[in-house]
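>
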Amino acid sequence: MKIIQTIEVRQIVTEKSKQALREAFLAQKQQLMRECDQLRFEQKRLEKTGKYSSSLLKQHFAKEMDARMEKIKLLDFQLEQLHILPLGSELKEREVQALIDVEVGDKWENVISKRAIIIEDGIVKEIR
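If you count the sequence shown from 1, position 108 lands on 108 in the UniProt record's numbering, and the numbers rise without skipping.
1) Of all the options K44, I7, M33, which has the alpha carbon lying nearest to the alpha carbon of I72?
2) Leaving out the 5 sequence neighbours to the left and right, which residues in its chain are closer than 7 Å to K92 when beta-carbon positions are compared?
3) Thinking just about the alpha-carbon of each residue, which of Q31, D121, L99 is nearest to the one in I68?
4) Under the assumption that L75 contacts K2 (Cβ atoms under 8 Å), give the Cβ distance between them as a whole number of angstroms.
5) Looking at C-alpha atoms only, which residue of S113, D121, D66 is the closest neighbour of residue 130?
6) If I measure Cβ to Cβ from L87 and keep anything under 8 Å in the same chain, skipping five residues before and after, which residues do I get?
7) Could you tell me the boundaries of the beta strand (DSSP E) in which V9 lies?
8) When burial is assigned at 16 or more other CB atoms within 10 Å of the CB, is I127 buried or exposed?
9) Report the rounded CA-to-CA distance for K44 versus E64, giving the unit in angstroms.
10) Contact defined as beta carbons within less than 8 Å: I believe E47 pairs with L56. What is the distance between those atoms, to the nearest angstrom?
11) What's the gap between the Cα of F25 and the Cα of E95?
Encoded structure:
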């Protein structure tokens with residue numbers, strides 16, 4: 001019989017992976033900043049049309065920009081943490097689903113035990 005089990009994929013932090021994560025965080029941050037600029041532009045454009053209540057418009061756009069600013073703060077925190085993260089440590093990258101064979105006589109604890117795939121610089125290094 002086969003069962004589906006969730007398996008953690010962990011990445012070993014190397015100089016190369018640290019740089020890739022840093023670049024990804026910075027790209028996300030830039031995208032959020034562009035979205036904030038676009039929201040400001042849209043707000044001004046809609047205010048000029050006069051079709052909508054000015055206070056409701058400001059409230060709506062402020063809410064949207066605040067949400068993005070919170071994400072930017074989180075990215076800044078992640079960048080700080082990445083800077084102090086030692087090389088060789090493991091980061092949980094994602095989870096994947098796997099088919100596990102279960103046979104009569106298997107120890108159930110071994111079947112359901114946490115499994116992990118360890119990746120270093122994009123290459124599977126170990127399966128636990």
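For each residue, glycine too, the CB sits at the ideal point set by N, CA and C.
Taking the geometry as given:
1) Within the sequence shown, residue 72 is the residue found at index 72, counting from 1. Comparing Cα-Cα distances from I72 to each of K44, I7, M33, the minimum goes to M33.
2) One-based indexing of the sequence shown puts residue 92 at position 92. Closer than 7 Å at the Cβ level, and outside the excluded window around K92, lie E8, R10.
3) As a first step, residue 68 is located in the sequence shown; it is residue number 68 there, counting from the start. Note on residue identity: the sequence assigns Arg, not Ile, to residue 68. Closest by alpha carbon: Q31.
4) In the sequence shown, counting from the first residue as 1, residue 75 sits at position 75. In the sequence shown, counting from the first residue as 1, residue 2 sits at position 2. Contact doesn't hold; Cβ gap of about 40 Å is too wide.
5) With the chain running from 1 to 128 in the structure shown, residue 130 is simply not present.
6) Working through the sequence shown from its first residue, we reach residue 87 at position 87. The residues are V13, T14, E15, K18.
7) To locate residue 9, count along the sequence shown from 1; it is residue 9. Element bounds for V9: 2-12.
8) Within the sequence shown, the letter at position 127 stands for residue 127. Answer is exposed; the Cβ neighbour count stays below 16.
9) Numbered from its first residue, the sequence shown carries residue 44 at position 44. Numbered from its first residue, the sequence shown carries residue 64 at position 64. In a straight line, the C-alpha of K44 is about 14 Å away from that of E64.
10) Position 47 of the sequence shown, counted from the first residue, corresponds to residue 47. Position 56 of the sequence shown, counted from the first residue, corresponds to residue 56. Actually they do not touch by this definition, with Cβ atoms about 11 Å apart.
11) Numbered from its first residue, the sequence shown carries residue 25 at position 25. Numbered from its first residue, the sequence shown carries residue 95 at position 95. So the alpha carbons of these two residues sit roughly 20 Å apart.
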